[in-house]
Structures are given as structure tokens and as C-alpha cells.
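K.L.:
Sequential numbering of the sequence shown, starting at 1476, is according to this note's numbering.
Handing you this structure, nothing more for now.
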Amino acid sequence: MDKLQDYINKSNDNTVPFDVVKEWYVSRAIKECSTQSELYEQLKSQFFTLRQSKQTSLSDKVVSIMKFQNQELLDFNTITQTNSDGSITLNWEELTISKLLNGNLDLLLSDNEDEMFIQCARSIQSIALTVHNKLFQDIFNNEPSNFINMYQSSMAILSQPYLFSLFVDEHCNRSSMLAFTMAVAYFEHGLQDVLLASYMSKNKRTAVMYFNENIPKLSEFLMNNDLSEIVGADKLFLLRAMFGPLNSLNLRNVTLHGFVTESEFHPCYTSLLLLLMVSLSRDISSLLSKPSDYLFYLDVSHPLKGPHPFEMFHYKMNHDIVTPELTRVDKSQISHLFERSAFIVPQFIDSHWKPALEYYCNEQYFHFLAIVFPALEHCIRRIFVCVNDCAHRFLTAEKNSLYTTLDILLSSLPCSYLPDGNNKIFEVFDVRHINMIYDLLLWKDSGRPRDCLSHGSLLPDQFSKQIADRVLILVLVLCNDNDVFREEHDSPISIVRRCCDFLYNEYEPLFHPKNMLEREIDTARLAMISYNEYVDKELSQLTERLSTCSQSSFSVEEQLLVDGIFVLTDPWVKLLSERFDLPDVVDVKFYPVGMTEKEFKKTNRLRQSSRLITDSMNKVVTICKDMNQALITGKSQGRKRDTVRTMIDHIPVYSRILKLFFLLIVVDYYKPACPDHDNSLSNVIEKCMSAIEGAIRAGKWKRAIELCFSIFMLDPDVNAIKTLNSKEIKRFYVDYTTIINTFHQ
């Protein structure tokens, strides 16, 4: 630490060199985690640089082309054309595959695509610079209003054409790279619209159904023959060369995942993207005569089919764990913290972090998130590379090799390219840091605002202050925990102290599957308390009002089976209740985010079962209340009264089953009978509850009771079981042996 102290004593500025940061980080890590000193000794041989790898990857070559280093520009002076209305668009006749390959069509037949895409990158560089100089410097003189007025009304490829002005304004007045990342996301959504509109216009129902259930991402539909039929092979080839495979220029992923800084990104690529959007809009305007009335959400059905996951994200942030209100953000103090922190990469301070603070303070939360997400990913990647001693993975872009994006950086699965197969980043970050990162960026139930932003799945005004606050809290805590100059525990900056206090004392994981399961179990427990209170009362009133027709709806055989269920369930309920009584309040735990596929599936099945139990109880309560009201008003006569009688007879059976299943869920989660069990209990519980809840919802009371019979392995040949076949009965088989074994442990 002597080197660091000498630097502090002599330095007149606050920017810390990388070698000093690295020595401090290593020394602090070894001091705080002495039991893992061997791990952190590896850090001494690492150097925290923006690009650690000495080997030249294809992306390094492409990035050097992006920077226009020693490259002879190709002649593309006729790349644009002036239309009758005075507008300028791309001249597609000059954008053929042959032109992009500079006439070398043999490259198309080569087994190695690397050389082909490098040639395309050189051509795109020349095209982009020609467009930029002609359009924004010669014609519009960098006046965004001129460009916006000329083209915004014809932007059919954007579901919301007003977004075009947002991109152009950012491009001309502030950050061209930020404008590019925002525009390319909504360009992706526009191409999704094109595909869907084409399927619908051709009445391809199967394709429409598949599209809505499996919304393609940009990397997927650039390989789609259907898109080639719409825009043409030459245009699709240009799109692939710009945004396609890993060995292409791949401008989207390089910018959105934080692999380049503003200084490495020439604004001409944004100019080309904007003109490309304009030109394609004119070509496909007949397909998209009406803008889309919704945006797609990736990996799940679109919002028209149900609540958007983002709505749940907002709800939980506002009701479960309220985010502290961040006010009076002192930009100079925070900027000072950025300069002192080992977490922040110095090259990104001026290009990303300081502008991000400006956007936040100006309440431009969409811009704030769009610029922070790539920078945050880069910071995490730097630490990943260091602790795992894998400089070759820092920027890998060879063919058939994935970029080190967040999914890889924070993966808990064994990795063949890591020295010992395990990701050591989990040994460096605090479990609270990891949980908040997953809550914000990775858990599927969170709505994943980063994915929504990078794929154009939400509109800018849907990225609220609450989301921006959560991201800023995470960043400030990570910066403070890695502040090189901080000797005292508490930060001198009040807002940073508040953020640290929130994360370490108030924050609870919102979307970790196990935490969500515990909350859903607690919800089911509270619902059961209300259920017992209301159902007993409602059933008593219904029985009194049906006194004139009080004869049971069960046959003699059915009544025997019902009595059998009572005999079977009551001892189980009593025993499980005594052995595994739940506390009144579920303690929140910080679980490791690493879960095996087996654990993940089991947790999700138990979550689904808990929700079904709650839904079933609520449905029964509602039905009882409605029936009572109908009897009071005299609207229930004849056959309707027989239905009420049937319901009254069945509900006590359901009540026992629901309570038993609830206790089985608790046992299977908190006290698993056998850790290596094949999860058959949770699997069967989910199937049974799904079938019973569906039967109750449909008013098929006898169908539901027959399901209950099968759960307890009653004779499948009993005449009472009429609607279940042998396959269904086998499907609902419950192996109680594993539960019994629990009591002998």
C-alpha cells in the first residue's frame, strides 16, 4: 500500500492510475478475505486495463476499422439519392452484395466468413462516413430540426414515430453512441413489426401464433428467410454485416454491452443507422400503414395477453420494499467519487458516468439508464476477468464464441473456459450486491428493464424514476465500497450514506425465486386464515337457507369415499401442522443466486402450487358469498339450488385437500425429505392443484372430488371415479414415503 500512499501524498488531482487502483484492490481483497488469499494472489498478475488480452481478436480488428485507422476509404459518393420531395434516402442500387464486398463475390463461397465480414466492415465505414458528411454536415449543418421535419412523418418502421426526434436530437447535440444504442433498439422492434405485419397480410395464422409466443430477437430474424422476402437479399446482407453474427461489425452488441467508449465510436455510424431507418420505412410503408399499438416483450407473451412483467416490477418496488427517494444529488461530489473508485473505469467517466448524472438530474431517466447499463456491465466485466484470471475472455468475438455479457459474467454454472471451472466473482461481490443486480437485470420475474431497453420493448416514459433510483443506488454503493481514498467506514457524502444504509439494512430481494416462493407461501397462509373464517360462516348460512332440501347430494358409495378422505387427511394435517408450524412472519433471507436447474424447476412448481391454493380458496369464498346473495334475493331456484347443495357437500373435502397441500408445500420446501429426490412431490402437487383449481373455477364439483380421490391412491375401479382415466390417476399419484421418512430424520 506504500505506492498508493505516496501517490495520495504527491498527487494534485483525483484521477487514480490503473496500476495504483489494481494494487489497492488486491491488497484490500487479501486483507478482508485472508482465508482466500490464494485466490486474490492471482489478482497481482492481472492489470486492470480496458483491454487486457494481448492476442488480436476479430473484434479488435473491427474496432480498429471503426476508428478509421490507416484505412483507405472506398468510393461510395453515389450512395444516396434525392427524391422528388427533396428528401434524401439510400440508393439501394449502390448497396448490393457485390458493392459491399468490393466486387469480390468469391468471399461468399468461402468457408471462413471472417474475411468477408472484414471487407463488409471497410465498405460500411466508407458508406457511413459519406452519409454523415453529406447529410449532417453539408446539407442539414447539424441542425436536428431540419432532419426531423424532413423525415419524422414518414417513419413507418417505428411504432412511435416521435422517437425519431429523440434519436436525432441526441445524435446532433450530445452523444452519438447513446443515440445509436437507443435507435438500434427501436429499429429491432420496427423489424419485428415488419415481420408480423407480413404474416398477417398473407394470413399466415400459424406463423402469427408462433411469432406471438416466440418473439424473435434481432440476431434471430436477421437469419430469417421471411425477412429476406420482404426487404430483399441485398438489404438483409447489409443488416447482417452491421448487426449480425459475432464476426460481423456487430455494432449493436459492441455498443450496448459496453465494449467501446465514445471516443472509439465514430458518429457516422449513427448517421447511417438513421438514414437506413428512413429508407427502409419508405420501402415498407405499405406493410406498416398503421403503427403498432403495443410493444413486444421478449421471452414472454406480449402485453395484450396479460399483465406486463414490468408492471409487477413497479408494484413491488413501490409496495414491498420502497426505494428511498433520492433528492439533492450533488453532481460534483458524485463525480469525485467516480474518480476515486476502483470500480469505475477511468475511460468511461467522461463519456458515460458524468453524462449519466446530468441525465438523472434532468429527470431524463430513459437516457440515464441507456448510458449506465453498458458502463455498469463493463465495470462488472473488468472484475470478472481479474478474479477469474481469464483475460482472453475480456473481449472475445471469434466465430462461435459468445461475448462476455452479464449472463456469462454472473453465471453460477461451471464454465470450461475458467481456470478451475467456477466463477469467483461471487466470492468478491457481497451477496446483497449480487441479489440487487439480479433483481434489476437478470431475474425473469423482474421484467428486466435492461433487456426491455436494449430490445425496444418499452417506451421511454415507462422507465421511471424508481427504476433509475435503484440503479443509481447500486452504482453508488459499489463505488463507495471500492473508494480508494476512503479510510472511514461511512461515506462523507450524505446521499451515498443513505444508499448504503438502504442496501445493507433495508433492502430485501424482490425477485429471487426462493424469496418469491416464501412470500407466496405466506400469502397462502394468510388466505387460509381468512378462508377458514369466511367459509365456515358462509356454509352455515347456506345450510340454513337450504333446510328444505338438506338431503346430501352424495350417493352411498360417494359418501364412503368422502369419509375415507376425511380419515386420511385429518391425521396428516394434524401431524404436519404440529411438526412444521410456520412463523407468523417469514424471515427474509439473502440466498445465493446460484441455483441448479433442478432447484429452479422445483421452486417454480411450488410457487405455482402456492398461487393455485390461494386462487382456489379465494374462488370458493367468492362462490359461497355469491350463492348466499342469490338465495337471499330469491334468484336461486330449482336446479340452481341443487347446485348449491352439491357445492356445500364438496367444500369441506376441498378445504381439507387445500390445507394438506399447503402443508405439503411447506414441508417440501423447508424440510425436504430427501435432497436428491426427483422432485416428484412438488411435481404432483402442482398438477393436482392445477386440475382442482380449474375444476372449481368451472363449477365442476364432482370432477374436482374425483381428483381428490385419485390423490389418495383410492381404488381406480371405484364407480364414483367416472371422469378420470387410468392415465390421469397415475399422473396424480403421490409418493408419501418420502414425507414419512422426514419424521424419522
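Positions of the beta carbon are idealized from the N, C-alpha and C atoms, including for glycine.
Bear in mind the structure is a predicted one, so any value in this text is a computation, not a measurement.
Pro-1935 and Leu-1641 look like a contact to me (Cβ under 8 angstroms); what is the Cβ gap, rounded to whole Å?
P.N.:
For the purposes of this step, residue 1935 is taken as the residue at position 460 of the sequence shown. For the purposes of this step, residue 1641 is taken as the residue at position 166 of the sequence shown. Right, the Cβ-Cβ distance comes to about 7 angstroms (below 8 angstroms), so this counts as a contact.
K.L.:
Between the Cα of Ile-1554 and those of Arg-1649, Ser-1754 and Ser-1826, spot the shortest distance and give me the residue it belongs to.
P.N.:
Residue mapping note: residue 1554 aligns to position 79 of the sequence shown, counting from 1. Checking every option, the nearest Cα to that of Ile-1554 belongs to Ser-1754.
K.L.:
Roughly how far, in whole angstroms, is the beta-carbon of Asp-2090 from the beta-carbon of Glu-2168, given that I think they are within contact range, below 8 angstroms?
P.N.:
Along the sequence shown, one-based indexing puts residue 2090 at 615. Along the sequence shown, one-based indexing puts residue 2168 at 693. 6 angstroms between Cβ atoms; contact.
K.L.:
Establish whether the CB of Thr-2108 and some CB of chain B are separated by less than 8 angstroms.
P.N.:
In the displayed structure, chain B is absent; only one protein chain is listed.
K.L.:
How big is the Cα-Cα spacing for Pro-1988 and Arg-1923?
P.N.:
Residue numbering aside, residue 1988 sits at position 513 when the sequence shown is read from its first letter. Residue numbering aside, residue 1923 sits at position 448 when the sequence shown is read from its first letter. Rounded to the nearest angstrom, the two C-alpha atoms are 14 angstroms apart.
K.L.:
Starting from Ile-1563, follow its DSSP beta bridges and name the residues at the other end.
P.N.:
Along the sequence shown, one-based indexing puts residue 1563 at 88. Note: Ile-1563 sits in a beta bridge opposite Thr-1557.
K.L.:
Alpha carbon to alpha carbon, what distance is there between Phe-2065 and Asp-1644?
P.N.:
Residue 1644 sits at position 169 when you count from the first residue of the sequence shown. Residue 2065 sits at position 590 when you count from the first residue of the sequence shown. In a straight line, the C-alpha of Asp-1644 is about 43 angstroms away from that of Phe-2065.
K.L.:
Less than 8 angstroms between the beta carbons of Leu-1953 and Leu-1915, yes or no?
P.N.:
One-based indexing of the sequence shown puts residue 1953 at position 478. One-based indexing of the sequence shown puts residue 1915 at position 440. The answer is no: Cβ separation not under 8 angstroms.
K.L.:
Taking the continuous alpha helix (DSSP H) assigned at Leu-1933, which residues delimit it?
P.N.:
Taking the sequence shown and counting its residues from 1, the one referred to as residue 1933 is at position 458. From DSSP, Leu-1933 is part of no alpha helix (DSSP H); its letter is neither H nor E.
K.L.:
Which whole runs of the alpha helix (DSSP H) in the segment 1961–2015 are 4 residues long or more, in chain order?
P.N.:
Fully enclosed alpha helix (DSSP H) runs of 4 or longer: 1969–1976.
K.L.:
By a C-beta neighbour count over all protein chains shown, 10 Å radius and 16 as the cutoff for buried, is Ala-2229 buried or exposed?
P.N.:
Because residue 2229 is not part of the residues shown, which for the chain are 1476 to 2220, the question remains open.
K.L.:
Output yes or no for whether 8 angstroms exceeds the beta carbon distance between Leu-1881 and Leu-1933.
P.N.:
Translated into positions along the sequence shown, residue 1881 becomes position 406. Translated into positions along the sequence shown, residue 1933 becomes position 458. Cβ atoms of Leu-1881 and Leu-1933: not closer than 8 angstroms.
K.L.:
So, helix, strand or coil for Ser-1651, using DSSP?
P.N.:
If you number the sequence shown from 1, residue 1651 lands on position 176. Of the three classes helix, strand and coil, the one that applies to Ser-1651 here is helix, per DSSP.
K.L.:
Using the Cα positions of Asn-2221 and Tyr-2144, report the straight-line distance between them to the nearest angstrom.
P.N.:
Since the first residue of the chain shown is 1476 and the last is 2220, residue 2221 is not available in this structure.
K.L.:
If Met-1630 and Phe-1639 are in contact, beta carbons under 8 angstroms, what's the gap, nearest whole angstrom?
P.N.:
What you label residue 1630 is simply residue 155 of the sequence shown in a count that begins at 1. What you label residue 1639 is simply residue 164 of the sequence shown in a count that begins at 1. Correct: roughly 5 angstroms between the Cβ atoms.
K.L.:
So Asp-2073 is in the alpha helix (DSSP H); what residue range does that whole segment cover?
P.N.:
Looking up residue 2073 in the sequence shown gives position 598. The question names Asp, yet the displayed sequence has Lys at residue 2073. Start and end: 2072–2108.
K.L.:
Determine, using beta-carbon pairs with one atom in the segment 2003–2011 and one in the segment 1972–1985, whether at least three such pairs fall under 8 angstroms.
P.N.:
No, the segment 2003–2011 is not in contact with the segment 1972–1985.
K.L.:
Cα-Cα, which of Met-1991, Cys-1865, Thr-2018 and Asp-1805 is closest to Gly-1437?
P.N.:
Within the shown structure, residues of the chain are numbered from 1476 to 2220, placing residue 1437 beyond reach of any answer.
K.L.:
Looking at Val-1683 and Met-1675, is the spacing between their C-beta atoms short of 8 angstroms?
P.N.:
Position 200 of the sequence shown, counting from 1, holds the residue named residue 1675. Position 208 of the sequence shown, counting from 1, holds the residue named residue 1683. Cβ distance < 8 angstroms, so Met-1675 and Val-1683 count as in contact.
K.L.:
Once DSSP output is grouped into helix, strand and coil, what is the label at Ser-1816?
P.N.:
For the purposes of this step, residue 1816 is taken as residue 341 along the sequence shown, with counting starting at 1. In the structure shown, Ser-1816 sits in a strand (DSSP, three-state: E or B).
K.L.:
In the DSSP assignment, find the unbroken alpha helix (DSSP H) run with Ala-1631 in it and report its ends.
P.N.:
Walking along the sequence shown from the start, residue 1631 turns up at place 156. From DSSP, Ala-1631 is part of no alpha helix (DSSP H); its letter is neither H nor E.
K.L.:
If I measure Cβ to Cβ from Lys-2094 and keep anything under 7 angstroms in the same chain, skipping five residues before and after, which residues do I get?
P.N.:
Reading the sequence shown from its first residue, position 619 is the one you call residue 2094. Excluding sequence neighbours, Lys-2094 sits near Ile-2171 and Arg-2172.
K.L.:
List the whole-angstrom C-beta distance separating Ala-1654 from Thr-1745, where the pair is believed to meet the contact cut-off of C-beta under 8 angstroms.
P.N.:
As a first step, residue 1654 is located in the sequence shown; it is residue number 179 there, counting from the start. As a first step, residue 1745 is located in the sequence shown; it is residue number 270 there, counting from the start. The pair is a contact, with the Cβ atoms about 5 angstroms apart (cut-off 8 angstroms).
K.L.:
Please check the pair Pro-1742 and Ser-1651, which I expect to be a contact at CB under 8 angstroms, by giving their CB distance rounded to whole angstroms.
P.N.:
Residue 1742 sits at position 267 when you count from the first residue of the sequence shown. Residue 1651 sits at position 176 when you count from the first residue of the sequence shown. Right, the Cβ-Cβ distance comes to about 3 angstroms (below 8 angstroms), so this counts as a contact.
K.L.:
Can you tell me whether DSSP reads Asp-1958 as helix, strand or coil?
P.N.:
For this step, residue 1958 is matched to residue 483 along the sequence shown. Residue state, collapsed to three classes: strand.
K.L.:
Going by beta carbon distance, what residues of the same chain come within less than 7 angstroms of Ile-1824, once the five residues before and after it are set aside?
P.N.:
The residue labelled residue 1824 in the question sits at position 349 within the sequence shown. Result list for Ile-1824: Phe-1813 and Glu-1814, in chain order.
K.L.:
Anyone know if the C-beta pair for Asn-1728 and Tyr-1878 falls short of 8 angstroms?
P.N.:
Numbered from its first residue, the sequence shown carries residue 1728 at position 253. Numbered from its first residue, the sequence shown carries residue 1878 at position 403. A contact, by the Cβ cut-off of 8 angstroms.
K.L.:
Could you tell me the alpha carbon to alpha carbon distance between Tyr-2247 and Asp-1956, rounded to whole angstroms?
P.N.:
In the structure as shown, the chain begins at 1476 and stops at 2220. Residue 2247 is therefore absent and cannot be evaluated.
K.L.:
Less than 7 angstroms between C-beta atoms, sequence neighbours within five positions excluded: which residues of the same chain meet that for Asn-2158?
P.N.:
Here residue 2158 refers to the residue found at position 683 when the sequence shown is read from its first residue. So the list reads Arg-2080, once near-sequence residues are dropped.
K.L.:
Nearest-angstrom Cα distance between Lys-2076 and Leu-1888?
P.N.:
Taking the sequence shown and counting its residues from 1, one reaches residue 2076 at position 601. Taking the sequence shown and counting its residues from 1, one reaches residue 1888 at position 413. Whole-angstrom Cα-Cα distance: 16 angstroms.
K.L.:
Glu-1838 by DSSP, collapsed to three states: which one?
P.N.:
Sequence index remark: in the sequence shown, residue 1838 carries index 363 (1-based). Coil at Glu-1838, not helix or strand.
K.L.:
What's the gap between the Cα of Arg-1436 and the Cα of Phe-1848?
P.N.:
Past the edges of the chain, shown from 1476 to 2220, lies residue 1436, and the structure says nothing about it.
K.L.:
In terms of alpha-carbon separation, which member of Cys-2163, Phe-1592 and Val-1903 lies closest to Leu-1726?
P.N.:
Within the sequence shown, residue 1726 is the residue found at index 251, counting from 1. Of the listed residues, the one whose Cα sits closest to Leu-1726 is Phe-1592.
K.L.:
Alpha carbon to alpha carbon, how far is Ser-1620 from Glu-1568?
P.N.:
As a first step, residue 1620 is located in the sequence shown; it is residue number 145 there, counting from the start. As a first step, residue 1568 is located in the sequence shown; it is residue number 93 there, counting from the start. Distance between the alpha carbons of Ser-1620 and Glu-1568: 29 angstroms.
K.L.:
Under 8 angstroms between the Cβ atoms of His-1853 and Gly-1733?
P.N.:
Sequence index remark: in the sequence shown, residue 1853 carries index 378 (1-based). Sequence index remark: in the sequence shown, residue 1733 carries index 258 (1-based). Yes, these two residues count as a Cβ contact at 8 angstroms.
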